[in-house]
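Undergrad: Handing you a structure now.
Residue numbers (my numbering): 170 to 405.
So, in structure tokens, the structure goes:
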């Protein structure tokens, strides 16, 4: 199937004996996404665009949630006749959608050999494409975390930390535009370090405030005089 960044994610490997059944869990790429597209492909190359498209369908009605929260189980089931049954199921609601693909295993021997040779021929080029896509995915994930932290912890960060975070976010966005893999990775690491520093600082500040509050004296307690009398047990 095609996943974030146009990457081709294999669910069933080539030459797997049939019948067979395999499942993987995927999630949403954006906040409050209520529909996912399942693009089914066949091939050996790491990028979806370079493989054979077998079909596409949609799972709708996913409850709105921050990205990465929904769990979508995609199942490939190839029967004894070589027919592929694909199911996409939202694990939160149980809602699912299915499709059947009859052409999944109908490639001739020559076509299969051609696909394998193409994969070998473009191996280095494909590796770089996939590495760039993965670097961009990782960068996007860190940017998402950074923007979320900035919104939630704005009042707890120092002005210097806010400026440092803004600059790191800007640098990473520019690196992503450049498509330079090493630069993207470097700026992703830099932003991650800034987030770690801020997270550690905020945690320590919160812990210190809590300690200060719990260790405050309760204040002077007033002593109240009370009258009392001793009772002679023998006279009771």
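Note that the Cβ used here is the ideal one computed from N, Cα and C, for glycine as well.
Which of helix, strand or coil does DSSP assign to residue 402?
TA: Any answer about residue 402 is weak, because its pLDDT of 47 lies below 50 and its placement is not dependable; what the coordinates show is given next. Three-state result, residue 402: helix.
Undergrad: I'd like to know if the segment 185–193 and the segment 210–229 are in contact, where contact means that at least 3 CB-CB pairs between them fall below 8 angstroms.
TA: Contact fails: fewer than three Cβ-Cβ distances are below 8 angstroms.
Undergrad: Could you pull the start and end residues of the alpha helix (DSSP H) that residue 322 belongs to?
TA: 292–322 is the span of the alpha helix (DSSP H), which, as asked, contains residue 322.
Undergrad: Rounded C-beta distance between residue 239 and residue 261? I'm assuming under 8 angstroms.
TA: Between residue 261 and residue 239 the Cβ distance is about 6 angstroms, and since that is below 8 angstroms, they are a contact.
Undergrad: Between 358, 269, 360, 308, which lies nearest to residue 173 when the distance is taken from Cα to Cα?
TA: Per the Cα distances, 308.
Undergrad: Pair every Cβ in the segment 304–321 with every Cβ in the segment 355–367, then say whether three or more of these pairs are closer than 8 angstroms.
TA: The segment 304–321 is in contact with the segment 355–367.
Undergrad: In terms of residue numbering, what span does the beta strand (DSSP E) encompassing residue 267 cover?
TA: Where residue 267 is concerned, the enclosing beta strand (DSSP E) stretches over 265–270.
Undergrad: Taking the continuous beta strand (DSSP E) assigned at residue 338, which residues delimit it?
TA: Not the beta strand (DSSP E): residue 338 falls in the alpha helix (DSSP H), residues 328–347.
Undergrad: So, with DSSP's three-state summary, where would you put residue 393?
TA: With a pLDDT of 49 at residue 393, under the threshold of 50, the predicted position of this residue should be treated as unreliable, though the coordinate-derived value follows. Coil.
Undergrad: Tell me which residue opens and which closes the beta strand (DSSP E) that residue 209 is part of.
TA: Taken as a continuous stretch (DSSP letters only), the beta strand (DSSP E) holding residue 209 covers 205–211.
Undergrad: Is DSSP giving residue 361 helix, strand or coil here?
TA: The answer is helix: DSSP assigns residue 361 an H, G or I state.
Undergrad: Determine the DSSP secondary structure at residue 251, reduced to helix, strand or coil.
TA: Three-state result, residue 251: coil.
Undergrad: Sorted by chain position, which residues of the same chain lie with C-beta nearer than 6 angstroms to residue 248's C-beta, five sequence neighbours on each side aside?
TA: Here the set comprises 188.
Undergrad: Provide the residue(s) that pair with residue 172 in DSSP beta bridges, ordered along the chain.
TA: Partner(s): 176.
Undergrad: Can you name, in chain order, every residue of its own chain whose Cβ lies under 8 angstroms from the Cβ of residue 253, other than the five neighbours on each side?
TA: Hits under 8 angstroms: 209, 223, 245, 246, 247, 269, 270, 271, 273, 274.
Undergrad: Could you pull the DSSP bridge partners for residue 243 from this structure?
TA: DSSP lists 193, 257 as partners of residue 243.
Undergrad: On the CB-based measure, 16 or more other CB atoms within 10 Å of its CB, does residue 206 come out buried or exposed?
TA: Burial call: exposed.
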